[in-house]
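Peer 1: Quick one: structure below, then a few questions.
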Amino acid sequence: MAYAYEACGEPILSVRNLEVSLKTSVGELKATRGISFDICPGETFAIVGESGCGKSISSMALMGLLPRIATARADRCVFDGQEILNLSRRKLSNIRGNTLSMIFQDPMTSLNPVYTIGDQLTEVFLRHGKGNRKQARERAVFLLERVGIKNAAERLGAYPHQLSGGLRQRVVIAMAMMCRPKLIIADEPTTALDVTVQMRTLALLAELQREFGLAIILITHDLGVVASLSDRVAVMYAGQIVETAPTRQLFADPTHPYTQGLIQCIPSYEPPNPDAELHTIPGMVPSLIGKQRGCAFRNRCSLAVDACGEGDEIALRELGEGHAYRCLQPHDALVANWRLLQGESA
Amino acid sequence: MSNAPAPLDNMDLPMPSPRQQSWMMAKHHVGLQIGALIVLVFTIWAVFAPFLAPADPYVQNLANRLAPMIWQDGGSWDHILGTDGFGRDLLSRLIWGTQVTMIVGFGAAFISGVVGTTLGMLGGYLGGKIDAAVIFLINVKLAMPGVLIALSLVSIFGGSLLSITIILSLLFWDRFAVVTRTATQQVRTREYIAAAECSGASKAWILFREILPNISNQIIVIGSLEMGIAILIEAALSFLGLGIQPPTPSWGILVSEARDTMFFKPHLIVIPGLAICILVIGINLLGDGIRDITEPQGRN
Chain C
1 MAYAYEACGE PILSVRNLEV SLKTSVGELK ATRGISFDIC PGETFAIVGE SGCGKSISSM
61 ALMGLLPRIA TARADRCVFD GQEILNLSRR KLSNIRGNTL SMIFQDPMTS LNPVYTIGDQ
121 LTEVFLRHGK GNRKQARERA VFLLERVGIK NAAERLGAYP HQLSGGLRQR VVIAMAMMCR
181 PKLIIADEPT TALDVTVQMR TLALLAELQR EFGLAIILIT HDLGVVASLS DRVAVMYAGQ
241 IVETAPTRQL FADPTHPYTQ GLIQCIPSYE PPNPDAELHT IPGMVPSLIG KQRGCAFRNR
301 CSLAVDACGE GDEIALRELG EGHAYRCLQP HDALVANWRL LQGESA
Chain Z
1001 MSNAPAPLDN MDLPMPSPRQ QSWMMAKHHV GLQIGALIVL VFTIWAVFAP FLAPADPYVQ
1061 NLANRLAPMI WQDGGSWDHI LGTDGFGRDL LSRLIWGTQV TMIVGFGAAF ISGVVGTTLG
1121 MLGGYLGGKI DAAVIFLINV KLAMPGVLIA LSLVSIFGGS LLSITIILSL LFWDRFAVVT
1181 RTATQQVRTR EYIAAAECSG ASKAWILFRE ILPNISNQII VIGSLEMGIA ILIEAALSFL
1241 GLGIQPPTPS WGILVSEARD TMFFKPHLIV IPGLAICILV IGINLLGDGI RDITEPQGRN
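Protein chains in written order, with the numbering used here: chain C, 1 to 346; chain Z, 1001 to 1300.
This is the structure we're talking about:
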């Protein structure tokens, strides 16, 4: 089963049933409940969802950055032919920053203020024994130029506070690329940037990806970013992937009621009704503490029936071509619901 | 969306490098300049004491006891600040005393800084049981009456320069530990620490290359404070007769020796007292100034 996860023959990252739980004072919090996906070489896989749905913590689990109170387990979590979950720190150090690297959300705090960007760029390269100081410098200059920074050789001596936010994020991207990674996890890479800079940064990421053939896991809550950059999307809700599909397919045929709601929430500027109210999804995300039953979205769902609250979890239903959703309703009913919503907003 | 990113033009932001910035701030920082001047003068005294002191600080001349200062009646150029109760040249003893005082002050601040910073950073970064152990040690230290312990230790190990320095450093590490532990906890949550972990950095690298430079200015401030306090406590111990032992000319000893004559030769007690006071103020001004000009940029 689970055809929908398998997008290609030889995935660079293959995750099955990733569960992250946090010990809190009021009980065990299941941050993710069995996440599965494959990432093919050279593709962009977006994970979308609102705050607290578990998208960031699953990337932290992959990078081995979980806080002390969190534990992760998975049936399989293979990156580049190697099991990476709960790997020893030493073995993980050989992978992190090398073939697997990460771009953080806030470029203001993801560069150390006491070192020049040249120091920080070459450091990664030297740490993984990719060459000598001179080669590290050359690679740093090459990448800085590649990410669109003029006078790169001079800029190596600059400190982070001398650069603007957009430039810093470019430096962070260049830093992630220093060791020719196969996969970059980008955790909300543009959230902290101005909208004008956002698009340029995304375009840069897409271009670098084409040029160097790397895969990207893009974690975001912004469907606009998803639409412009990703090949495939997983929509997460309350620690589960509720729908996964190729990006085009997801926007053309959003199936899960939550996905439909999310897309509905994107403001439209087009006529015929520019004064229409902004859409929201009513209700709150349920507490993730303790055992969950049935569909986590049922309390906010207009299509919910009694059966939605039964059983451990709702099974994933295949629609073919890598499209699957986690809902009891048949596809026809959901499509009808989407038409209804569309008509309502028009 | 398909456009390649154009090179940005706002590259040459008119932001000075940290070194230029520190220098610019130092030029307008009066406190820093005064402090630096005071510390510099005393350091020169300490280093070049053998050349600067006009007389041997140990040679007694009982025929010339309690000689007046140069501007008082009967003063002479032989003894600019006069002589003490044993006829020793006060200026020479003051200059040699600078050496003892600064070695004790700097040594105690340095050793306690290394011990306290190491403990504080380990506790703050690693957390968990190690942090609990560090907190326990700090609490034990805070619960102990410091000066009493110092007195008893000095009476056991004697009042040599080395033992006084080590005993004083045992008194002061806790403040370094408390401050660096908190500062480390703050810095640890920054994304550049996670980014360093993500790029395969070891724990030792993160502690000493990523975190330490970012908390170094706090350490400098504590260090200057503790150096001042160490000098004061050394003087107090010497005054009580349990510090550096006479005839070694520490400033505390000078004050202590002048006790008998303080009512009719007050300058003998005032001058070393003033020296202690000025040096401690100078060190504190310097420490504050260095903190002001070395604040890492872009942290907030």
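Idealized CB from N, CA, C, for every residue including glycine.
#1: How many Å lie between Z/D1174 and C/R298 at the Cα?
#2: Does any CB atom of chain C fall closer than 8 Å to the CB of Z/S1238?
#3: List, in chain order, every chain Z residue whose beta-carbon is nearer than 9 Å to that of C/M63.
#4: Pick out the complete alpha helix (DSSP H) segments inside the region 238-286 of chain C, 4 residues or longer, and give them in chain order.
#5: Less than 6 Å between C-beta atoms, sequence neighbours within five positions excluded: which residues of the same chain meet that for Z/A1108?
#6: Could you spell out where the alpha helix (DSSP H) holding C/G166 opens and where it closes?
#7: For Z/G1159, which of Z/Y1058, Z/R1259, Z/P1249, Z/N1061 has the nearest alpha-carbon?
#8: Kindly give me the distance between the Cβ atoms of C/S36 and C/K30, rounded to whole angstroms, as I take these residues to be in contact under 8 Å.
#9: Please return the same chain residues whose Cβ sits closer than 8 Å to the Cβ of C/L92, not counting the five positions on each side in sequence.
#10: Tell me which residues of the region 1107-1128 of chain Z have at least one Cβ-Cβ distance to chain C shorter than 9 Å, keeping chain order.
#11: Please list the terminal residues of the continuous alpha helix (DSSP H) segment that includes Z/A1109.
#12: If the cut is a Cβ gap below 9 Å, which residues of chain C does Z/N1214 touch?
#13: Counting Cβ pairs, one atom from each stretch, are 3 or more of them under 8 Å apart for the region 1215-1222 of chain Z and the region 124-140 of chain C?
#14: At a CB distance below 9 Å, what residues from the region 1020-1054 of chain Z approach chain C? Give them in sequence order.
#15: Mind listing the chain C neighbours of Z/R1190? Cutoff is C-beta to C-beta under 7 Å, in chain order.
#16: Taking a contact to mean a Cβ-Cβ separation below 8 Å, would you say Z/W1251 touches Z/A1236 in this structure?
#17: Does any CB atom of chain C fall closer than 8 Å to the CB of Z/A1150?
#18: For Z/S1112, does the count of other Cβ atoms within 10 angstroms reach 16, so buried, or fall short, so exposed?
#19: Could you give the DSSP three-state label for C/Q162: helix, strand or coil?
#20: Within 10 angstroms of the Cβ of Z/W1071, are there 16 or more other Cβ atoms? Answer buried if so, exposed if not.
#21: Apart from the five residues just before and just after C/C327, which ones in its own chain have a Cβ nearer than 6 Å to its Cβ?
#22: From Z/I1206 to C/T109, what does the alpha carbon distance come to, in whole angstroms?
#23: Counting along the chain, where does the beta strand (DSSP E) carrying Z/C1198 start and finish?
#24: For the structure I just gave you, are there three or more beta carbon pairs, one from the region 211-228 of chain C and one from the region 280-293 of chain C, closer than 8 Å?
#25: Can you find the residues in the same chain that come closer than 7 Å, C-beta to C-beta, to C/G27, ignoring five residues on each side of it along the sequence?
#26: Given a cut-off of 8 Å, decide if Z/P1266 and Z/E1257 are closer than it, judged by their beta-carbon atoms.
#27: DSSP on C/I84, reduced to helix/strand/coil?
#28: Quick one: which unbroken alpha helix (DSSP H) runs of 4-plus residues sit fully inside the region 28-103 of chain C? Chain order, please.
#29: Reducing DSSP to helix, strand and coil, say where Z/V1134 ends up.
#30: Quick check on DSSP: helix, strand or coil for Z/L1169?
#31: Applying the 10 Å Cβ sphere with the 16-neighbour rule, what's the burial state of Z/A1062?
#32: Taking the straight line between their C-alpha atoms, what separation do you get for Z/P1050 and C/G131?
#33: Considering Cα atoms alone, identify which of Z/L1040, Z/W1023, Z/Q1020 is closest to Z/L1285.
#34: By the three-class DSSP mapping on this structure, what secondary structure does C/H380 have?
#35: For Z/G1273, I'd like the list of residues in its chain whose CB is within less than 7 Å of its CB, leaving aside the five on either flank, ordered along the chain.
#36: Residues of chain C with CB closer than 9 Å to the CB of Z/P1247, please, in chain order.
Peer 2: Concretely, from the data shown:
#1: Within the second sequence, residue 1174 of chain Z is the residue found at index 174, counting from 1. Within the first sequence, residue 298 of chain C is the residue found at index 298, counting from 1. A straight line joining the alpha-carbon of Z/D1174 with that of C/R298 spans about 55 Å.
#2: As a position in the second sequence, residue 1238 of chain Z is number 238, starting the count at 1. It does not: the Cβ of Z/S1238 has no partner Cβ on chain C nearer than 8 Å.
#3: Counting from one through the first sequence, the residue named residue 63 of chain C turns up at place 63. Correct list: A1194, E1197, C1198.
#4: If we require 4 residues or more, the alpha helix (DSSP H) runs fully inside the region 238-286 of chain C come out as 247-252, 257-264.
#5: Locating residue 1108 of chain Z in the second sequence gives position 108, where the first residue counts as 1. Non-local C-beta neighbours of Z/A1108 in its own chain, meaning closer than 6 Å and more than five positions away in sequence, comprise T1165, L1168, S1169, A1230, ordered along the chain.
#6: Walking along the first sequence from the start, residue 166 of chain C turns up at place 166. In the DSSP assignment, C/G166 falls within the unbroken alpha helix (DSSP H) covering 165-177.
#7: Stepping through the second sequence from its first residue, residue 1159 of chain Z is reached at position 159. Ranked by Cα distance from Z/G1159, the options Z/Y1058, Z/R1259, Z/P1249, Z/N1061 are led by Z/P1249.
#8: As a working note, residue 36 of chain C is residue 36 in the first sequence. As a working note, residue 30 of chain C is residue 30 in the first sequence. The Cβ separation is near 15 Å, so there is no contact.
#9: For the purposes of this step, residue 92 of chain C is taken as residue 92 along the first sequence, with counting starting at 1. Excluding sequence positions up to five before and after C/L92, its CB lies within less than 8 Å of the CB of G64, I84, all in the same chain and listed in chain order.
#10: Those residues of the region 1107-1128 of chain Z that come within reach of chain C (Cβ to Cβ, closer than 9 Å) are G1127, G1128.
#11: Your numbering for residue 1109 of chain Z matches position 109 in the second sequence. Residue range 1090-1126 is occupied by the alpha helix (DSSP H) that includes Z/A1109.
#12: Counting from 1 along the second sequence, the entry for residue 1214 of chain Z is found at position 214. Scanning chain C for C-beta atoms nearer than 9 Å to the C-beta of Z/N1214 yields N112, P113, V114, reported in chain order.
#13: Proximity of the region 1215-1222 of chain Z to the region 124-140 of chain C falls short of the contact definition, fewer than three beta-carbon pairs being nearer than 8 Å.
#14: Hits within the stretch: zero.
#15: Mapped onto the second sequence, residue 1190 of chain Z falls at position 190. Result: T109.
#16: Translated into positions along the second sequence, residue 1251 of chain Z becomes position 251. Translated into positions along the second sequence, residue 1236 of chain Z becomes position 236. No.
#17: On the second sequence, residue 1150 of chain Z is found 150 positions in, with the first residue counted as 1. Chain C, which has no Cβ nearer than 8 Å to the Cβ of Z/A1150, makes this no.
#18: Residue numbering aside, residue 1112 of chain Z sits at position 112 when the second sequence is read from its first letter. Label assigned to Z/S1112: buried.
#19: Here residue 162 of chain C refers to the residue found at position 162 of the first sequence. In the displayed model, C/Q162 falls within a helix according to three-state DSSP.
#20: The residue given as residue 1071 of chain Z occupies position 71 in the second sequence. Exposed: under 16 other Cβ atoms inside 10 Å.
#21: As a first step, residue 327 of chain C is located in the first sequence; it is residue number 327 there, counting from the start. Within the same chain, C/C327 has close Cβ partners H256.
#22: Walking along the second sequence from the start, residue 1206 of chain Z turns up at place 206. Walking along the first sequence from the start, residue 109 of chain C turns up at place 109. Rounded to whole angstroms, the separation of the alpha carbons of C/T109 and Z/I1206 is 15 Å.
#23: As a working mapping, residue 1198 of chain Z is identified with position 198 in the second sequence. Z/C1198 -> not in any beta strand (DSSP E); alpha helix (DSSP H) instead, spanning 1191-1198.
#24: Contact between the region 211-228 of chain C and the region 280-293 of chain C is absent: fewer than three C-beta pairs spanning the two stretches fall below 8 Å.
#25: To locate residue 27 of chain C, count along the first sequence from 1; it is residue 27. Excluding sequence neighbours, C/G27 sits near I289, G290.
#26: Looking up residue 1257 of chain Z in the second sequence gives position 257. Looking up residue 1266 of chain Z in the second sequence gives position 266. No, Cβ-Cβ distance for Z/E1257 and Z/P1266 is not below 8 Å.
#27: In the first sequence, residue 84 of chain C corresponds to position 84, counting from 1. Coil.
#28: Scanning the region 28-103 of chain C for uninterrupted alpha helix (DSSP H) segments of 4 residues or longer gives 55-63, 89-95, listed from N- to C-terminal end.
#29: In the second sequence, residue 1134 of chain Z corresponds to position 134, counting from 1. Z/V1134 sits in a helix when the DSSP states are folded into three classes.
#30: Counted from its first residue, the second sequence places residue 1169 of chain Z at position 169. Per the sequence presented here, residue 1169 of chain Z reads as Ser, with Leu not at that position. DSSP places Z/S1169 within a helical segment (H, G or I) once states are collapsed to three.
#31: Residue mapping note: residue 1062 of chain Z aligns to position 62 of the second sequence, counting from 1. The amino acid occupying residue 1062 of chain Z in the given sequence is Leu; Ala does not appear at that position. With fewer than 16 other Cβ atoms within 10 Å, it is exposed.
#32: Taking the second sequence and counting its residues from 1, the one referred to as residue 1050 of chain Z is at position 50. Taking the first sequence and counting its residues from 1, the one referred to as residue 131 of chain C is at position 131. If you draw a straight line from the Cα of Z/P1050 to the Cα of C/G131, it is about 53 Å long.
#33: One-based indexing of the second sequence puts residue 1285 of chain Z at position 285. Z/L1285 has its Cα closest to that of Z/L1040, out of Z/L1040, Z/W1023, Z/Q1020.
#34: An answer regarding residue 380 of chain C cannot be provided, because it is not within the stretch 1 to 346 covered by chain C.
#35: What you label residue 1273 of chain Z is simply residue 273 of the second sequence in a count that begins at 1. Contacts found: V1255.
#36: Within the second sequence, numbered from 1, the residue matching residue 1247 of chain Z stands at position 247. By Cβ distance, chain C contributes nothing, its closest Cβ being about 47 Å from Z/P1247, past 9 Å.
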